[in-house]
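Okay, so the sequence shown: first residue is 3 according to this note's numbering, each after it adds one. Read the structure below first, then the notes.
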Amino acid sequence: MTMSVLVLTGSASGIGAHMTGVFARRGDTVVATDVDLAALEKRAAEGAWGTNVRLARLDVREAAEWEAALDLAEREGGGLDVVMNIAGVLKPGWVPDLGPADVDFHLDVNVKGTVLGTRAAAARMIARGRGGHIVNIGSLASLAPVPGLSLYAASKFAVRGFTLAAAMELGRHDIAVTLVMPDAVQTPMLDLQVDHEEAAMTFSGPRALTVEDVERALLTEVLPKRPLEITLPLGRGMLARAANTAPAASRWLEPMLTKKGREAQERIKQGR
């Protein structure tokens, strides 16, 4: 198996932390990044990542910090094969309650961060002339409207539009750009939504995905096959695509899904 040089964002927790370990243990060189360097260093000190991981503070909103992280990947690994834009944020809230800082929070991290990372990685991959792969993490909210999470949905819709356009541009350079759109994943981002009634629809599925579910998709589908986009799981993905095709139909589905989600939230609270 050919080893790769990867840069991952959001490596201090959730999907990013899990995938950093997965890639490092299989022998890849991984530059693990996060805006919270102390949390990143603590995670690395736990020892599960091994010796193939390099750490870098990266605020994905800052172009200069992207360049520094990619410099490290090229210096330590001799090139750049894969960049995964995993870092993301979410804050539930009804539209009338949203403030300017909430707008900046979602759009700067989720959209601007993904755009800056894709742009910086693409430039280096083109210069190197050996192709590459950029993986952007979206959400089923990239396809389906989510009341109570309007800013998150807006940011993930934007990530999808940007990713699809970038994929068409960069394909001529043998650079694949893939959008991964999972349903809710059991991570700290999901935990913070339990106490917010605005986030009820997040909990309307049969179960939350695990980071292992995302791992399987990345290792068996995304990296070897380099698809344009995938949804996880298939059934909920089909429902989200239907909502994307006929948004008005969501008005009929929303009460049922919200009811299911609130019931799930209550079960989680009672089980604490």
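Where is the CB? At the ideal position from N, CA and C, for every residue including glycine.
Asked, Found
"Nonlocal neighbours in the same chain, by C-beta distance under 8 Å from L211, ignoring five residues either side", "P184, D185, A186, V187, Q188, L234, P235"
"Spatial distance of E67 from K271 (CA atoms)", "39 Å"
"Local Cβ density within 10 Å of S94, reported as buried at 16 or more and exposed below that", "Reading off the sequence shown, one finds Pro at residue 94, where the question assumed Ser. P94 is buried by the Cβ-count criterion."
"Straight-line Cα distance separating V7 from A26", "10 Å"
"Distance CB(V33)-CB(A58) smaller than 8 Å", "yes"
"Counterpart residues of M86 in DSSP-defined beta bridges", "L10, V137"
"Local Cβ density within 10 Å of L166, reported as buried at 16 or more and exposed below that", "exposed"
"Whether A251 touches P147 by CB criterion (8 Å)", "no"
"Inter-residue Cα distance where the pair is G119 and N87", "7 Å"
"Three-state secondary structure (DSSP) of M191", "helix"
"M282 - DSSP class collapsed to helix/strand/coil", "The chain is shown from 3 up to 274; residue 282 falls before or after that span and cannot be answered."
"Exposure label - A202; buried when at least 16 CB within 10 Å", "buried"
"Touching by the beta-carbon criterion (3+ pairs, under 8 Å), the stretch 104 to 114 and the stretch 150 to 157", "yes"
"Inter-stretch contact (C-beta, 8 Å, three-pair minimum) for the stretch 194 to 201 and the stretch 172 to 180", "no"
"Collapsed DSSP secondary structure at G163 in the structure displayed", "helix"
"Neighbourhood of K227 by C-beta, 6 Å cutoff - its chain only, sequence neighbours within 5 removed", "none"
"Whole runs of the alpha helix (DSSP H) within the stretch 201 to 266, excluding any shorter than 4 residues", "213 to 219, 236 to 247"
"Three-pair Cβ contact test at 8 Å for the stretch 119 to 138 versus the stretch 41 to 48", "no"
"Other residues of its chain near G263: CB distance less than 6 Å, five sequence neighbours each side excluded", "A202, M203, F205, S206"
"Spatial neighbours of A143 in its chain, beta-carbon cut-off 7 Å, leaving aside the 5 residues before and after", "L151, Y154, A155, K158"
"Collapsed DSSP secondary structure at G95 in the structure displayed", "strand"
"Span of the beta strand (DSSP E) around T22", "That residue, T22, is in no beta strand (DSSP E); its alpha helix (DSSP H) goes 16 to 27."
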